[in-house]
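**Student:**
In the UniProt record's numbering, the protein residues as written are 1 to 323.
#1: Can you name the residues that DSSP bridges to residue 33?
#2: When you compare each of 272, 95, 262 to residue 298 by their alpha carbons, which one comes out closest?
#3: Which class does residue 170 belong to by DSSP, given the choice of helix, strand or coil?
#4: Return the chain-ordered list of same chain residues with a C-beta closer than 6 Å to the C-beta of residue 235, the five sequence neighbours on each side being excluded.
#5: To the nearest angstrom, how far is it from the Cα of residue 31 to the Cα of residue 136?
#6: Taking the beta carbon of residue 62 as the centre, do at least 16 other beta carbons fall within 10 Å, making it buried, or is it exposed?
#7: Let's test the definition: count the other Cβ atoms within 10 Å of the Cβ of residue 133 and tell me whether it reaches 16, buried, or not, exposed.
#8: What's the C-alpha gap between residue 15 and residue 105?
#9: So, with DSSP's three-state summary, where would you put residue 130?
#10: Just the C-alpha distance for residue 90 and residue 267, rounded to the nearest angstrom, thanks.
#11: Counting only the same chain and skipping the five closest in sequence on each side, list residues whose C-beta sits under 8 Å from that of residue 188.
#12: Could you tell me which uninterrupted beta strand (DSSP E) segments, each at least 3 residues in length, are contained entirely in the region 65 to 116, listed from first to last along the chain?
#13: Which two residues bound the contiguous beta strand (DSSP E) that contains residue 237?
#14: Quick one: using the 10 Å Cβ neighbour count with 16 as the cut-off for buried, is residue 4 buried or exposed?
#15: Since I believe residue 114 is in contact with residue 303 (beta carbons under 8 Å), could you give me their beta-carbon distance rounded to a whole number of angstroms?
#16: If you follow the alpha helix (DSSP H) that residue 141 is part of, which residue opens it and which one closes it?
#17: Should residue 219 be labelled buried (16 or more other beta-carbon atoms within 10 Å of its own) or exposed?
#18: Tell me whether the beta-carbon of residue 180 lies closer than 8 Å to the beta-carbon of residue 217.
#19: Taking a contact to mean a Cβ-Cβ separation below 8 Å, would you say residue 264 touches residue 221 in this structure?
#20: When the Cα atoms are used, what is the spatial distance from residue 59 to residue 107?
#21: Would you tell me roughly how many angstroms separate the C-alpha atoms of residue 71 and residue 295, rounded to the nearest one?
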């Protein structure tokens, strides 16, 4: 897939390298659209001529040297390009949304599992379609109107449709159980899974001090919502999960979820708290009180944490079920 990028003084060095790479090397380019202007002095007229050079043939180094401002290079798709993602049938406006591309190897489309619900993707070999907008106006409209953070809530009933699902719910349930504890080394290791060094995470006081200092999985989710004290996000809500029985926060199955000032005090998190279709869950409260951008950041941290924790520390494989 290619995008027609106009040559300016700011990107001419990059596009010259794309031209030299050609069609067979990524990131490269397929062709150049060249515009030449001829001036006829006798008649006082300007005559322009446009033509296309296919980079499969010819001397690409010479063409790169001759590249000038105003030419258009049909470059390959690169990281952070705005793309439209869609799965048929398109039943509502959230069936097609815009994403920022990350170019990886092979020919399989990969995307965050949290956006499976809008696409009705169900992991059984679904066919997805990707489109690359071809003008700056189209890119701007897609990034503004169709981006995922601006479409977290469905227009049908105002409920969040983009939320945790599948493995993210499994990892969240396992991490927030009452018997999950970490020493300092383990706790810091798990915290690194959700941030990529982007967030400044402040280590809280240990939940258990004697005989050894231990932190809980619930504290990890408290930091996931509010990584440090400078973060303005303060979430307050209570919710009965599916495994709730009686006695509110003293429920013996830990089914009563309580968030106070973004600190998870009780509750084993599952679909009612983190999934879609509920106006009482964590992400709806974040969208309502702090905006969709903050909810999207929290969702991104959750996706990284759960996927990496399951893959590196708590993954299930067939050996777990063989006696």
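Ideal Cβ placement from N, Cα and C applies to all residues, glycine included.
**Tutor:** Looking at the atomic coordinates:
#1: Answer is 52, 72, bridged to residue 33.
#2: Ranking 272, 95, 262 by Cα distance to residue 298 puts 262 first.
#3: In the structure shown, residue 170 sits in a helix (DSSP, three-state: H, G or I).
#4: Exclusion of the five residues before and after residue 235 leaves 225, 259, 262, 285 as the residues of its chain whose Cβ lies within less than 6 Å of its Cβ.
#5: Taking C-alpha positions only, residue 31 is separated from residue 136 by approximately 19 Å.
#6: When all chains shown are included, residue 62 counts as exposed.
#7: Buried is the call here.
#8: Taking the straight line from one Cα to the other gives about 22 Å.
#9: Residue 130 falls in the strand class under three-state DSSP.
#10: Between residue 90 and residue 267, the C-alpha separation is close to 37 Å.
#11: Answer for residue 188: 203, listed in chain order.
#12: Entirely contained in the region 65 to 116, the beta strand (DSSP E) runs reaching 3 residues are, in chain order, 72 to 76, 82 to 86, 96 to 100.
#13: For residue 237, the enclosing beta strand (DSSP E) begins and ends at 237 to 240.
#14: By the neighbour-count rule (16 or more Cβ atoms within 10 Å), residue 4 is not buried but exposed.
#15: Indeed they touch by this definition, with Cβ atoms about 6 Å apart.
#16: Where residue 141 is concerned, the enclosing alpha helix (DSSP H) stretches over 136 to 145.
#17: With 16 or more neighbouring CB atoms inside 10 Å of its own CB, residue 219 falls in the buried class.
#18: In this structure, residue 180 places its C-beta atom within 8 Å of the C-beta atom of residue 217.
#19: Between residue 264 and residue 221, the C-beta spacing is below 8 Å.
#20: Cα to Cα, residue 59 sits roughly 30 Å from residue 107.
#21: Distance between the alpha carbons of residue 71 and residue 295 is about 41 Å.
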